[in-house]
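In the numbering used here, the protein residues as written are 1 to 260. Remarks on the structure that follows.
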Ligand code: NAD
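In structure tokens form, the structure reads like this:
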């Protein structure tokens, strides 16, 4: 038996998805999953070589069209121009995934203002400014989807990551505000709150046997999240018509951490 209607609801065929920070890690996994659902992919990353590699890999594995743009999203005043350049090349953006991020790990009392700003800037301000630059185009197109990559650290705090926790909590609020403001234009906004994945962002933590063991002990499923399979297909759901009535939500994909 096949399920053509079901497949159609999850399909992203003919759509273009822009994913920030897709040069590696979770963003790369999201790019693969969205491409497997049929979306053309725009990879945006500060690390040009990684962006190129993701774009080439996704195109060769799935056959979709891919584009790649080197962009430093901490340069707030440049974001509108980045989006203009991207639109000139790929014509439209139907799906925006705000994923790029950094971490600064140190005791709260030792945080400099510059470090605080660098974390808040990329997770929160860049997500807002990317949406602000893309949404007018989505409105012209008749709608779109935004998916912000939040974190369980927006709900639970761990020591030494004060700016990250604050920014990720803020991203949940930003997601709700975007949903409320842009729903009249047929733009749905949701967020994914991943549990822990082993990526460059978390590598230092996992190299510490004690902290690594602590993380694993908190996950009922006793394994880390895998970018494409565990998070990517949730992004496909949120970007597709399968989630037509899901709006302004943070979906936590954490192997049960927050429930435990
Ligand atoms: P990562 O470090 O592997 O990837 C982050 C990507 O963002 C990199 O490709 C990096 O070059 C890019 N980036 C950083 N600063 C940028 C800038 N100024 N301009 C453009 N691109 C920039 O990390 P990851 O684990 O894949 O994280 C991706 C997202 O997932 C982040 O928002 C992170 O907070 C979130 N997240 C990660 C985990 C985890 O356990 N890894 C858990 C929850 C949420």
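Glycine included, C-beta positions come from ideal geometry on N, C-alpha and C. Just so you know, these numbers come straight off a predicted model, no measurement behind them.
Check residue i in the structure and name its three-state DSSP category.
i	result
residue 42	strand
residue 281	Only positions 1 to 260 of the chain appear in this structure, which leaves residue 281 out of reach.
residue 14	coil
residue 92	coil
residue 245	coil
residue 83	helix
residue 99	coil
residue 122	helix
residue 194	strand
residue 225	strand
residue 152	helix
residue 134	helix
residue 183	helix
residue 158	coil
residue 20	strand
residue 139	helix
residue 215	helix
residue 58	helix
residue 236	helix
residue 230	helix
residue 78	helix
residue 209	helix
residue 49	helix
residue 200	coil
From this set, the options, which residue's C-alpha is nearest residue i's C-alpha?
i	options	result
residue 241	68, 169 and 144	144
residue 177	121, 247, 257 and 210	247
residue 162	214, 108 and 132	108
residue 86	49, 62 and 133	133
residue 135	36, 7, 187 and 3	187
residue 8	243, 230 and 259	243
residue 181	232, 200, 146 and 231	146
residue 175	200, 6, 131 and 210	131
residue 227	213, 23 and 13	23
residue 261	15, 121 and 155	Absent from the model: residue 261. The displayed extent of the chain is 1 to 260, so no value can be given.
residue 245	121, 183, 209 and 216	183
Beta carbon of residue i: closer than 7 Å to some heavy atom of the ligand COA?
i	result
residue 62	The model on display carries the ligand NAD but not the ligand COA.
Is residue j closer than 8 Å to residue i when the C-beta atoms are compared?
i	j	result
residue 157	residue 172	no
residue 140	residue 204	no
residue 123	residue 168	yes
residue 148	residue 127	yes
residue 41	residue 19	yes
residue 95	residue 179	no
residue 38	residue 64	yes
residue 129	residue 76	yes
residue 193	residue 254	yes
residue 185	residue 198	no
residue 151	residue 118	no
residue 234	residue 251	yes
residue 138	residue 93	yes
residue 62	residue 36	yes
residue 256	residue 225	no
residue 43	residue 71	no
residue 67	residue 89	yes
residue 239	residue 6	no
Tell me, please, which residues DSSP counts as bridged to residue i.
i	result
residue 69	44
residue 188	145
residue 26	Residue 26 pairs with nothing; no bridge assigned.
residue 252	193
- Message: So, does the region 49-62 touch the region 217-231, judging by three or more C-beta pairs under 8 Å?
- Response: no
- Message: Count Cβ pairs between the region 19-34 and the region 100-112 that sit closer than 8 Å; are there 3 or more?
- Response: yes
- Message: Would the region 30-37 count as touching the region 79-91 if we require 3 or more Cβ pairs under 8 Å?
- Response: no
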